[in-house]
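Enquirer: First the structure, which I've put down as structure tokens, then a few questions once you've had a look.
2 protein chains.
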Amino acid sequence: MSAAPLAPGSVIGIIGGGQLARMLAMAAARLGYRTVVLEPDAFAPAAQVANNQIVAAYDDPEALDQLAMMADVITYEFENVPVSTVEHLEATHPVRPGSVALKVAQDRLSEKAMAQQLGAETALFAAVNSRADLDRAMAVTGLPAVLKTTRLGYDGKGQAKIMTPDDADAAFASMSRQAAILESFVDFECEISVVAARSIAGAFSAFDVAENEHRNHILHRSTVPSRLDAAVCAEAMAVAARIADHLGYVGIFAVEFFAVRDGESHRLLVNEIAPRVHNSGHWTEAACAISQFEQHIRAITGLPLGDPSRHSDCVMENLIGNEVDRVPEIAAQAGTVIHLYGKAEARPGRKMGHFTRIWPLRSVPAA
Amino acid sequence: MSAAPLAPGSVIGIIGGGQLARMLAMAAARLGYRTVVLEPDAFAPAAQVANNQIVAAYDDPEALDQLAMMADVITYEFENVPVSTVEHLEATHPVRPGSVALKVAQDRLSEKAMAQQLGAETALFAAVNSRADLDRAMAVTGLPAVLKTTRLGYDGKGQAKIMTPDDADAAFASMSRQAAILESFVDFECEISVVAARSIAGAFSAFDVAENEHRNHILHRSTVPSRLDAAVCAEAMAVAARIADHLGYVGIFAVEFFAVRDGESHRLLVNEIAPRVHNSGHWTEAACAISQFEQHIRAITGLPLGDPSRHSDCVMENLIGNEVDRVPEIAAQAGTVIHLYGKAEARPGRKMGHFTRIWPLRSVPAA
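Residue numbers (UniProt numbering), protein chains in the order written: chain A, 1 to 367; chain B, 1 to 367.
Dropping the structure here:
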């Protein structure tokens, strides 16, 4: 399992051309690799910095064959790549991570079931495929609860809160007969995530736990270190390691947890697993010697995983929509790393970039 | 002078497509700018990551017009761009830095004369345009001395040592009748450099002094902090600031100094000025919140200059020729940032990449 790493000049194929692919392509370039991006939009963020682009749909069979022909290893930037696409590619080419992780991450039921199977706690949940299921599910979870499509939801899309039994009909209708899951409402004190990597040979490496704040269901801010004590952070990393081993995962992934107050400490509930680089790991480019993007490239090319330790404490904030206009002001702040995505139009809710402010470890940032 | 900075999506034209242009293009992308590279080699390092490339000679008039048409601001990655090229462009477009700095940096005599005019010390020197000049020059400098072409020399090319008067004929012949300068041999304890930036509005910002070691006239290693005391480092930065103001410079530049032992401290002699990002500033990408490349992009686009302070001590080493084969081993070292240039062939003497090892400020690195 310790084959030589891909030589410099080898080609990494990336399915998807958004900002995550852009940052992966730049990390690949820094390690001397070339990139080809499969993405229907010729002006997508990643197309601007990749060596090559195949302008086609993610599931276009000819485009996939072309990608496979050009690339020495294939990866993806988002979990909504069709499983059939990855299965088709991995029959003949290395795809990292592969379809096993993708299948689990595409289904909230599988995700939660796996977490429980690996000894991690989750919210109470039940499958909902009919209106009658929803009544049974409410008995399991209690109220309030959240009804979610099992697939394709992100940034709060495909979700409906049920505060009282009277909300059930409308919530069920909003699922449009898609398979759904009802989850008990968790009274968490904070949300955290672990961004971690597993190598081809099975080595595991986690970046420090980030504490995340959302606004309108979109990540607003990640702070590292989090408020959690060392034992709870270690538990989060241990859960991530068990998930990675269970899936035979290769590359970077993120596990999001709810942290619930428990006396002097906290209990963790697995919320979501993302089989890719993750917005809550963007701070790594500013506060660590290597970023999550480089770590992913190292993992999938067979280079040794890099040192995930932090040289600085930090806080990362997203620039959503016209918040990008703040860049000149932010650029004047000390210890601040700005990263924009090359998107032409600052539409409301669109992630345009992010910035990370760093300061010395265990000190307090200036106001 | 405080015009609004170039908006994200604006285009930066870069003359030259080597690794310096590559790193500038990646820094520009991170700030949301687009890039177009003028470079005759379609597979050059920068072409791989830039948005667009014009494949043409650096002095091709049509290509220059095309560059000017596409770019909102133009810069260059090396000081051997023809002055006529920059003068042609700056007649109608912003070129940063401009031709004034380029002219001085292209001529060792002008460079040294300017340094002295600004109150900085240099080696003893004299112009040599004839064999008789060389005899007069040796009387000025004493021996040993170094005869150099005034123009186009780098990495030790175009230089001849004169240890005794017997070496004079051969040294003079080796100049092939090019204008030359004889410089006294400096018995320095170490070589240092300051990499600094000046903004359009005249703000000045210097990164910390790096101590540089060369092998075969090529930079081998830069260590930060240097062995010099704070007063000497401050003097180096002050000289750099006077040079920048004198030239009305915009962007990053480097000043290389010899440090000569002087009792308990050191005296500084200006050796060379490079009107561009510099190999001895590559460590900034690993040990500072922003790199020299980003600082250059900030300066020429009108963004505020970034915070140059270090979060870590560091040492940067170049990977020359097949030293690039060490990458998998280097990748396994803690706190190590690797940067390769995408060059296909590891020819002897060719700069293939570099790596920077970081460790906490003012501590001692592990063996």
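C-beta: ideal position from N, C-alpha, C; glycine also. Since we're looking at a predicted model, the values are computed, not measured.
By the criterion of Cβ-Cβ separation under 8 angstroms, what are the contact partners of Gln48(A) in chain B?
Expert: In the first sequence, the residue the question calls residue 48(A) occupies position 48. Result: Ala29, Arg34, Asn51.
Enquirer: Scan the region 287 to 352 of chain A and note each continuous beta strand (DSSP E) run of 3 residues or more that stays entirely inside, going in chain order.
Expert: Fully enclosed beta strand (DSSP E) runs of 3 or longer: 312 to 320, 336 to 340.
Enquirer: Please list, in chain order, all residues of the same chain as Pro94(B) whose beta carbon is under 6 angstroms from its beta carbon, the five residues on each side excluded.
Expert: Counted from its first residue, the second sequence places residue 94(B) at position 94. Here the set comprises Val73.
Enquirer: Tell me which residues share the same chain as Leu303(A) and place their Cβ nearer than 6 angstroms to its Cβ, disregarding the 5 neighbours each side in the sequence.
Expert: Against the first sequence, residue 303(A) aligns to sequence position 303. The answer, listed in chain order, is Pro5.
Enquirer: Hey, out of Met70(B), Ala113(B), Gly353(B), Val255(B), whose CA is closest to Gly32(A)'s CA?
Expert: Indexing the first sequence from 1 puts residue 32(A) at position 32. Residue Gly353(B) is the option with its Cα nearest to Gly32(A).
Enquirer: Excluding the 5 residues flanking Thr75(B) on each side, which residues of the same chain have their C-beta closer than 8 angstroms to its C-beta?
Expert: What you label residue 75(B) is simply residue 75 of the second sequence in a count that begins at 1. Result list for Thr75(B): Ile12, Gly13, Ile14, Ile15, Leu24, Val95, Arg96, Pro97, Gly251, His296, Ile300, in chain order.
Enquirer: What whole-angstrom Cβ distance do Arg350(B) and Ile320(B) have, given they're in contact under 8 angstroms?
Expert: For this step, residue 350(B) is matched to residue 350 along the second sequence. For this step, residue 320(B) is matched to residue 320 along the second sequence. About 7 angstroms separates the two Cβ atoms, so the contact holds.
Enquirer: By the criterion of Cβ-Cβ separation under 8 angstroms, what are the contact partners of Met26(A) in chain B?
Expert: As a first step, residue 26(A) is located in the first sequence; it is residue number 26 there, counting from the start. Correct list: Met26, Ala29, Arg30, Val49.
Enquirer: State the Cα-Cα distance for the pair Val55(B) and Val195(B), rounded to the nearest angstrom.
Expert: Here residue 55(B) corresponds to residue number 55 of the second sequence, with the count starting at 1. Here residue 195(B) corresponds to residue number 195 of the second sequence, with the count starting at 1. Cα to Cα, Val55(B) sits roughly 30 angstroms from Val195(B).
Enquirer: Flag Pro8(A) as yes if its beta-carbon sits less than 8 angstroms from any beta-carbon of chain B, otherwise no.
Expert: Position 8 of the first sequence, counted from the start, is the residue given in the question as residue 8(A). True, the Cβ-Cβ gap to chain B drops below 8 angstroms.
Enquirer: What in chain B is Cβ-close to Val55(A), meaning under 7 angstroms?
Expert: Start at 1 with the first residue of the first sequence, and residue 55(A) comes out as number 55. Here the premise fails: no neighbours, minimum Cβ distance about 15 angstroms.
Enquirer: Alpha carbons only, please: which of Arg22(B), Leu38(B), Pro8(B), Cys288(B) is nearest the one belonging to Lys343(B)?
Expert: In the second sequence, the residue the question calls residue 343(B) occupies position 343. For Lys343(B), the nearest C-alpha among the options comes from Arg22(B).
Enquirer: Keeping to the same chain, check which residues put their C-beta closer than 7 angstroms to that of Arg177(B); ignore five residues upstream and five downstream.
Expert: Walking along the second sequence from the start, residue 177(B) turns up at place 177. Result list for Arg177(B): empty, nothing under 7 angstroms.
Enquirer: Quick one: is Glu345(A) buried, meaning 16 or more other Cβ sit within 10 Å of its Cβ, or exposed?
Expert: Here residue 345(A) refers to the residue found at position 345 when the first sequence is read from its first residue. The residue in question, Glu345(A), is exposed, as its Cβ has fewer than 16 Cβ neighbours within 10 Å.
Enquirer: So what does Cys190(B) bridge to, in DSSP terms?
Expert: On the second sequence, position 190 is the one that residue 190(B) refers to. DSSP, once it has assigned bridges, lists Ala259(B) as partnering Cys190(B).
Enquirer: Give, in chain order, every residue of the region 277 to 293 of chain B whose Cβ lies closer than 8 angstroms to some Cβ of chain A.
Expert: Residues passing the 8 angstroms Cβ filter: Ala286, Ala289, Ile290.
Enquirer: Suppose the cutoff is 6 angstroms on Cβ atoms and the five residues either side in sequence are ignored; what does the same chain contact list for Leu247(A) look like?
Expert: Walking along the first sequence from the start, residue 247(A) turns up at place 247. Excluding sequence neighbours, Leu247(A) sits near Val100, Ala101.
Enquirer: Roughly how many angstroms separate the alpha carbons of Pro348(B) and Arg357(A), rounded to a whole number?
Expert: Position 348 of the second sequence, counted from the start, is the residue given in the question as residue 348(B). Position 357 of the first sequence, counted from the start, is the residue given in the question as residue 357(A). Each residue's Cα considered, the two are about 41 angstroms apart.
Enquirer: Just the chain A side, please: which residues come within less than 9 angstroms of Ile358(B) by C-beta, in chain order?
Expert: Working through the second sequence from its first residue, we reach residue 358(B) at position 358. Here the neighbours are Ala289, His311.
Enquirer: For Phe188(A) and Glu285(A), I'd like the C-alpha separation in whole angstroms.
Expert: In the first sequence, counting from the first residue as 1, residue 188(A) sits at position 188. In the first sequence, counting from the first residue as 1, residue 285(A) sits at position 285. So the alpha carbons of these two residues sit roughly 28 angstroms apart.
Enquirer: For the region 241 to 261 of chain B, enumerate the residues whose C-beta is nearer than 8 angstroms to any C-beta of chain A, in chain order.
Expert: Answer in chain order: no residues at all.
Enquirer: Using a C-beta to C-beta distance shorter than 7 angstroms, which residues of chain A count as neighbours of Arg298(B)?
Expert: Position 298 of the second sequence, counted from the start, is the residue given in the question as residue 298(B). Near Arg298(B) (Cβ distances below 7 angstroms), the residues of chain A are Ala331.
Enquirer: Leaving out five residues on either side along the sequence, give the residues of the same chain with a beta carbon under 6 angstroms from the beta carbon of Asp167(B).
Expert: For the purposes of this step, residue 167(B) is taken as the residue at position 167 of the second sequence. Excluding residues within five positions, none has a Cβ falling inside 6 angstroms.
Enquirer: Could you tell me the alpha carbon to alpha carbon distance between Met237(A) and Gly18(B), rounded to whole angstroms?
Expert: Reading the first sequence from its first residue, position 237 is the one you call residue 237(A). Reading the second sequence from its first residue, position 18 is the one you call residue 18(B). Rounded to the nearest angstrom, the two C-alpha atoms are 41 angstroms apart.
Enquirer: Measure the alpha-carbon distance for His282(A) versus Met69(A) and round it to whole angstroms.
Expert: The residue you call residue 282(A) lines up with position 282 of the first sequence. The residue you call residue 69(A) lines up with position 69 of the first sequence. Using only the alpha carbons, I get a separation of about 31 angstroms.
Enquirer: Quick one: list the residues of chain B neighbouring Ile338(A), beta-carbon separation under 8 angstroms, in chain order.
Expert: Here residue 338(A) is taken as the residue at index 338 of the first sequence, counted from 1. In chain order: Arg30, Leu31.
Enquirer: Buried or exposed for Lys112(A), going by 16 or more other Cβ atoms inside 10 Å?
Expert: To locate residue 112(A), count along the first sequence from 1; it is residue 112. It counts as buried.
Enquirer: Determine the contact status of Pro40(A) and Ala57(A), defining contact as a CB-CB distance below 8 angstroms.
Expert: Numbered from its first residue, the first sequence carries residue 40(A) at position 40. Numbered from its first residue, the first sequence carries residue 57(A) at position 57. A contact, by the Cβ cut-off of 8 angstroms.
Enquirer: Would you please state the rounded distance, in angstroms, between the beta carbons of Val128(A) and Ile181(A)? I believe it to be under 8 angstroms.
Expert: As a first step, residue 128(A) is located in the first sequence; it is residue number 128 there, counting from the start. As a first step, residue 181(A) is located in the first sequence; it is residue number 181 there, counting from the start. The Cβ separation is near 6 angstroms, so the contact holds.
Enquirer: Please report the straight-line C-alpha distance between Gln106(A) and Ala274(A), rounded to a whole angstrom.
Expert: As a working note, residue 106(A) is residue 106 in the first sequence. As a working note, residue 274(A) is residue 274 in the first sequence. Whole-angstrom Cα-Cα distance: 9 angstroms.
Enquirer: Quick check: the Cα distance between Leu340(B) and Glu264(A), rounded to an integer number of angstroms?
Expert: Taking the first residue of the second sequence as position 1, residue 340(B) is located at position 340. Taking the first residue of the first sequence as position 1, residue 264(A) is located at position 264. Roughly 48 angstroms separates the two Cα atoms.
Enquirer: Compare the C-beta of Val194(B) against all C-beta atoms of chain A and say whether one is closer than 8 angstroms.
Expert: Indexing the second sequence from 1 puts residue 194(B) at position 194. Val194(B) does not count as touching chain A.
Enquirer: Have a look at Ala201(B) and Pro328(A) and give me their C-alpha separation to the nearest angstrom.
Expert: Taking the first residue of the second sequence as position 1, residue 201(B) is located at position 201. Taking the first residue of the first sequence as position 1, residue 328(A) is located at position 328. Taking the straight line from one Cα to the other gives about 15 angstroms.
Enquirer: What residue does the alpha helix (DSSP H) around Lys161(A) start on, and which one ends it?
Expert: One-based indexing of the first sequence puts residue 161(A) at position 161. Taken as a continuous stretch (DSSP letters only), Lys161(A) belongs to no alpha helix (DSSP H), being part of the beta strand (DSSP E) at 159 to 162.
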